Amino acid sequence: MSEFEPVIGLEIHVQLSTRTKMFCGCALAFGEPPNTLTCPTCLGLPGTLPRANAQAIHFGLMIGLALGSDLAPRSIFHRKNYFYPDLPKGYQISQYDEPLCRGGQLSEVRIHRVHLEEDAAKLIHAGASGRIHGSDHSIVDFNRGGTPLAEIVTEPDVRSAAQAREWLTLLRTTLRRLGVSDVNMEEGSLRCDANISIRPVGTHELGTKTELKNMNSFRYLERGVNAEIARQEAILRAGGQVVQETLHFDPQTEQITSLRSKEEAHDYRYFPEPDLVPVATSDAMLEAARAAMPELPAAREERLRALGVSAASARQLAWRTELGDYFEVALAVGGVEAQPLANWVCNELVARVGEDDPNASDVTPAALAELVALVGSKAVTVGNAKLVLDRLVAGGGDPAQIVEAEGLGAMAGGDDALEPIVAAALAANADAAEKIRGGNMKAIGAIIGHVMRETKGRADGAEVTRIVRQKLGL
Amino acid sequence: MTPADGRNMPSDVTLLTAAAAVGAIERGELSAAELFEAYRGAAAGDELNAYLWVAEDAHDPPPPGLPLAGVPLAVKDLFCTEGVPSQAGSKILEGYRPPYTASVVARLAAAGAPLLGKTNQDEFAMGSSNENSAFGPVLNPWDRTRVPGGSSGGSAAAVAAGSAPWALGTDTGGSIRQPAALCGIVGLKPTYGTVSRYGMIAFASSLDQAGPLTRDVTDAALLLRHMVGQDDRDATSIGFPGAIALPSSDSLKGIRLGVPEELSGSGVGIDAGVLDAFHATLKLAESLGATIETCHLPHAPHALSAYYVLAPAEASSNLARYDGVRYGKRVENGGLVGMYTKTRSQGFGAEVKRRIMLGTYSLSSGYYDAYYGRAQRVRTKIAEDFHSAFAAFDFVVTPTSPSVAFELGAKTADPLSMYLNDYCTVPMSLAGIPAISIPNGLSEGLPTGFQLCGPAFSENRVLEAAFALEQAIGFDGSGGRSRS
Amino acid sequence: MIDREQVLHVARLARLELTEAEVAKMSEELSAVLGHIEKIGELDLDGVPPTTHVVEVSNALRPDEVQPSLPREIALASAPAIADGGFLVPSPQADADPS
Ligand SMILES: [Mg+2]
Ligand SMILES: [Zn+2]
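Chains as they are written, first to last, in the working numbering: chain R, 67 to 540; chain Y, -3 to 480; chain V, 22 to 120.
Below, the structure written as structure tokens:
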């Protein structure tokens, strides 16, 4: 039986963080009482007309620039017609065959298009309240209805659930960096659907795809995609055929269910929205979008590499904006090399603050830079520097003062001071000394451990090794 | 405010044109309150079913100095008016009182034209006879066995009968011009975009345009002057270049009139009496100094087809919001889809359902290119035809309607024959250009209309030419006022 | 020409319910109108751009400035059914197959 290769494309809906809705002046806010942020337009009252939010177009252009898309000189809105209680006009205003941005690429994934549209309202299931005929009812809250959305559609370039998750993380950082969205999956400001098919490895024809919806966290995205890949594999291995349909992933049960089996085939009857005029992207609009562009993760990664930061650290610093920002402030303090500093940020500091923003910790970038400089000048050993960092994380302070106060400074006096201690350690660990002489360098740990105990960690491990080799004639 | 001294006043102040009433109020010969009360009484006593709602209380007199001086305004039902029923002639919006007022109504109120009443219309402006109103047909004031035309039939009948000094209507394919013609008054469809659509309950968004229905051309100019203007709430609205002037010309010297073979030839189904009246007016125009020549609008015969694709398609989408959720009628029927279908099936009338079906069909998968896409291209060709014509002619003129007012019920059984009423008015709607219908004498004792259209934004020139013709025709509209 | 099945399909899309008699009548009437409309199929329209807007306007964008929203009681005032500050509707999940 052949191996299968997943082929995954992503459709991401991003709520834009404008002040007002896409087509009316109602404020955008999360968690307000239902139906307190509505007006005749976003309620779809008879006679009302939409008017597009300039800031949403601006954000759309910034997203296009960030993804390397072609920005359309002219784009138009269409109506996507279907009935649903969360859709007050009976159609969604969305871009269709003339979107704002086409093409592009982020990391290894190509972008198909980016278009703007309006979000639906929120349906709250009221249950079998018995209010009318005892049947199930829902409550519609139009506060969210009309929120500007950017829909980003990728080409089917993703090959695994893990890659989907990693790439979505990069997209989120990019969007956050742009300042165009809160990109919060739990609150729904970032939503991801996946189009998934599988095919035998080595073949190029695309299999039948399914659309998996409702993955409202990064973890669920990975789990959901994996579950769907497994489901499709099981079908194909059993000689069956995948049916093209929209699926729902339940993160609680990890079950995949068909979402719209009861609905008739879709026929959205798209046509150009006659209430809106084309968006003609002017030079001034382009210029404003360009001027608003911050440095993006990909560019930052490249720049950090040029500073001598390793590939892994550069990616970590660039993809976690707050980490990169912290690093760059510390680097600017001076007196440290980029790579050792990057190691301390990406490894030691992250190990201590986890997912939290290090800028919010008690370790100031200047303090970390100073600590790394102390290590660099051999004024503190690496081991003791980690102890200093523990102190800094616990309560802040100045590294030099902590070193001074706790006597953590590296031993002064060079070989003259260290030699007798090493000699004593060799004498006290004759077994180990014998093994080392016999070529087993692992045994040197015991000698170094002894020296560190004697010096309270202030000895330089490399120096100790050198003296041991010298004394044993190696 | 001093009471009217009646110096130059007719005993019935509703005989004054709106412009004359403005003048009388400004000169202190007439009080705005008195005028409003006279019209309120006339509207309340209306026997034509022209009104769906009439103001109950006398308005506070407007502050002095407003350009429209307090001359009241009848408004087609489909304009949203805050707290006042705005039902678009439909059962699905029965009793609906919007929380806001349409831009153009608010603009006119601010200029001193208070709301007198809401006028009957074909449901959602779909119709040419006003027989499609959920609230019963409007009767033609010239002959109560006949239709007033539509869809702004209530506005046209009210103005013709003298129960309103002037009225607002909307025109999608002829819905101002055709009822104006059938009721013997003036109706103007302005350039698309010059009057805000915000607050107008939509039929077909790319075609709908508000305009005045008035007793004469001067009143049309005066009302239009205060209707035009860019509105931030309507993305398709555009400022009118310059101001609308009151016309004064008594000559057509040097004016070149093009008479399109396709819309006024003998073989296109226009009644002989209507054609006779049309040709008589062409003679008059010549005597006023105009040159008359045949011109061609090669795609005009296809305008109706394109229109009956585009307008129903847009309508099918515009009317999707009537779903029983946020306002209007609702019929419970178990589940959601059941509620939707019962609400809409019972809420909409037969013609509205027919057009929703037609529009849904032409937009549906597999048919878009053959219908909607092609119709949009035909629309381009029709606009180009007019463009070419206006390179050689100042105006294109046609009869407004192929026939005079027909008997109630005469065409209700055959939708296609009803649609043909719009034959001469639809091309201008598709091209978005201004067109006016002026009373053009009688045929079979009933009014006919003369239509004159010009390039986009040529309203002032259109009004001047229409004014000169109006003076020469000397139409007597009193036949519409004989209230029995 | 539009047959019975097409009429029913379109009615479903439009959320309209037709009686058997209405279906037959609709099929006949729409066929007549479509027969007239289909004449535009004879025109040579190659290379002719479609017209969506007759007047050339573009952008007409709105500044991102907050305007006052409606008080909730006004927003809900015309609703046929309300509950808990919202518009009450039959639950879409509970819906039976419409056809
Ligand atoms: Mg979307
Ligand atoms: Zn709003």
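Note that beta-carbon positions come from the ideal geometry of N, C-alpha and C, so glycine has one too.
Since the structure is predicted, the reported quantities are computational estimates derived from the model, not experimental observations.
* Asked: Under 9 Å between the Cβ atoms of A216 (chain Y) and A462 (chain Y)?
  -> Yes; because the gap between Cβ atoms is below 9 Å, this pair is in contact.
* **Under 8 Å from the C-beta of A81 (chain V): neighbouring residues of chain R** => What A81 (chain V) touches in chain R: R117, A118, L342, V343.
* Asked: Taking the alpha-carbon positions, what's the T168 (chain Y) to E310 (chain Y) distance?
  -> Answer to the nearest angstrom: the Cα atoms are 12 Å apart.
* Asked: Quick one: Cα of Q318 (chain R) to Cα of T312 (chain R), how far?
  -> Looking at the two C-alpha atoms, the distance is approximately 19 Å.
* Taking C-beta to C-beta, are D73 (chain Y) and L44 (chain Y) nearer than 9 Å? -> Taking 9 Å as the Cβ cut-off, D73 (chain Y) and L44 (chain Y) do not qualify as a contacting pair.
* How many Å lie between I429 (chain Y) and G66 (chain Y) at the Cα? -> Each residue's alpha carbon lies about 30 Å from the other.
* Leaving out five residues on either side along the sequence, give the residues of the same chain with a beta carbon under 7 Å from the beta carbon of A299 (chain Y). => Spatial neighbours of A299 (chain Y) in its own chain (CB-CB distance under 7 Å, excluding positions within 5 residues in sequence) are listed in chain order as I378, V422, P423, L426.
* What's the C-alpha gap between A302 (chain Y) and I61 (chain V)? -> Answer to the nearest angstrom: the Cα atoms are 7 Å apart.
* The alpha helix (DSSP H) enclosing R297 (chain R), as first and last residue numbers -> Start and end: 284 to 303.
* Asked: Cα-Cα, which of Y:R340, Y:S262, Y:M5 is closest to S86 (chain Y)?
  -> Of the listed residues, the one whose Cα sits closest to S86 (chain Y) is Y:R340.
* Asked: Can you check whether the CB of A98 (chain Y) is closer than 9 Å to the CB of P57 (chain Y)?
  -> In this structure, A98 (chain Y) does not lie closer than 9 Å to P57 (chain Y) by Cβ.
* With DSSP collapsed to three states, give me the class of W138 (chain Y). => In the structure shown, the three-state DSSP call for W138 (chain Y) is coil.
* May I ask you to list the residues that DSSP assigns as paired with P72 (chain R)? => For P72 (chain R), which the question treats as bridged, DSSP gives the partners R:I264.
* Asked: By the 10 Å Cβ neighbour count, where 16 or more other Cβ atoms means buried, how is N436 (chain Y) classified, buried or exposed?
  -> Within 10 angstroms of the beta-carbon of N436 (chain Y) lie 16 or more other beta-carbons, which makes it buried.
* Environment of ligand 1 in chain order, Cβ to heavy atom below 7 Å -> One residue after another in chain order, those with a Cβ under 7 Å from a heavy atom of ligand 1 are R:H79, R:S160, R:E183, R:L215, R:E217.
* Should K188 (chain R) be listed as close to ligand 2, given that the test is whether its C-beta is under 8 Å from any heavy atom? -> K188 (chain R): no, Cβ never under 8 Å from ligand 2.
* Using a Cβ cut-off of 9 Å, which residues of the segment 171 to 203 of chain Y contact any Cβ in chain R, in chain order? -> Along the segment 171 to 203 of chain Y, going in chain order, the ones with a CB nearer than 9 Å to a CB of chain R are S192, R193, Y194, G195, M196, I197, A198, A200, S201, S202, L203.
* To do: Scan the segment 24 to 98 of chain Y and note each continuous alpha helix (DSSP H) run of 4 residues or more that stays entirely inside, going in chain order.
  => The alpha helix (DSSP H) runs of length 4 or more contained entirely in the segment 24 to 98 of chain Y are, from start to end of the chain, 28 to 40.
* To do: Rounded to whole angstroms, what's the CA-CA distance from I468 (chain R) to A460 (chain R)? Just pull it up for me.
  => Pairing I468 (chain R) with A460 (chain R), the inter-Cα distance amounts to about 12 Å.
* What residue from Y:L293, Y:I197, Y:M223 has the CA that sits closest to P63 (chain Y)'s CA? -> The residue with the shortest Cα to Cα distance from P63 (chain Y) is Y:M223.
* Asked: Using a Cβ-Cβ distance under 9 Å, would V87 (chain V) count as near chain Y?
  -> No, its Cβ sits nowhere closer than 9 Å to a Cβ of chain Y.
* Euclidean distance between Cα positions of V393 (chain Y) and K279 (chain Y) -> V393 (chain Y) and K279 (chain Y) have their C-alpha atoms spaced approximately 13 Å apart.
* Is there contact here, the segment 100 to 110 of chain Y with the segment 125 to 139 of chain Y, by at least three beta-carbon pairs under 8 Å? -> In this structure the segment 100 to 110 of chain Y does not touch the segment 125 to 139 of chain Y; the number of beta carbon pairs closer than 8 Å is below three.
* Asked: Would you report the Cα separation of P71 (chain V) and P338 (chain R), rounded to the nearest angstrom?
  -> Distance between the alpha carbons of P71 (chain V) and P338 (chain R): 11 Å.
* **When R:E183, R:Q171, R:E174, R:R176 are compared against P165 (chain R), the one with the closest alpha-carbon** => Cα-wise, what sits closest to P165 (chain R) is R:E183.
* So does C92 (chain R) have its beta carbon nearer than 8 Å to some heavy atom of ligand 2? -> Checking every heavy atom of ligand 2 against the Cβ of C92 (chain R), one is found closer than 8 Å.
* Asked: Is it true that the segment 347 to 366 of chain R meets the segment 123 to 130 of chain R, where meeting means three or more beta-carbon pairs spaced less than 8 Å apart?
  -> With the cut-off at 8 Å, the segment 347 to 366 of chain R and the segment 123 to 130 of chain R touch.
* Asked: Which same chain residues, not among the five before or five after M88 (chain R), have their C-beta less than 6 Å away from its C-beta?
  -> If the five residues before and after M88 (chain R) are omitted, its C-beta is found closer than 6 Å to the C-beta atoms of N119, A122, E184, G212, P214, all from its own chain and listed in chain order.
* Asked: In the structure shown, what three-state DSSP assignment does Y157 (chain R) receive?
  -> Strand.
* **CB of I469 (chain Y) within 9 Å of CB of T210 (chain Y), strictly** => No, these two residues do not count as a Cβ contact at 9 Å.
* Using the Cα positions of E52 (chain Y) and I266 (chain Y), report the straight-line distance between them to the nearest angstrom. => Spanning the two alpha carbons is a distance of roughly 43 Å.
* **Beta bridge counterpart(s) of P256 (chain Y) as assigned by DSSP** => P256 (chain Y) pairs with Y:C291.
* Beta-carbon proximity list for H144 (chain R), same chain, < 7 Å, skipping 5 on both sides -> Same-chain partners within the cutoff: S160, Q161, Y162, Y336, F337, P338, E339.
* **Bridge-paired residues (DSSP) for F236 (chain Y)** => Paired residue(s): none; F236 (chain Y) is not in a bridge.
* N- and C-terminal bounds of the beta strand (DSSP E) containing M128 (chain R) -> DSSP places M128 (chain R) outside any beta strand (DSSP E); the residue lies instead in the alpha helix (DSSP H), whose first and last residues are 120 to 132.
* Measuring CB to CB, does S433 (chain Y) end up less than 9 Å from V182 (chain Y)? -> In contact: S433 (chain Y) and V182 (chain Y) (Cβ atoms closer than 9 Å).
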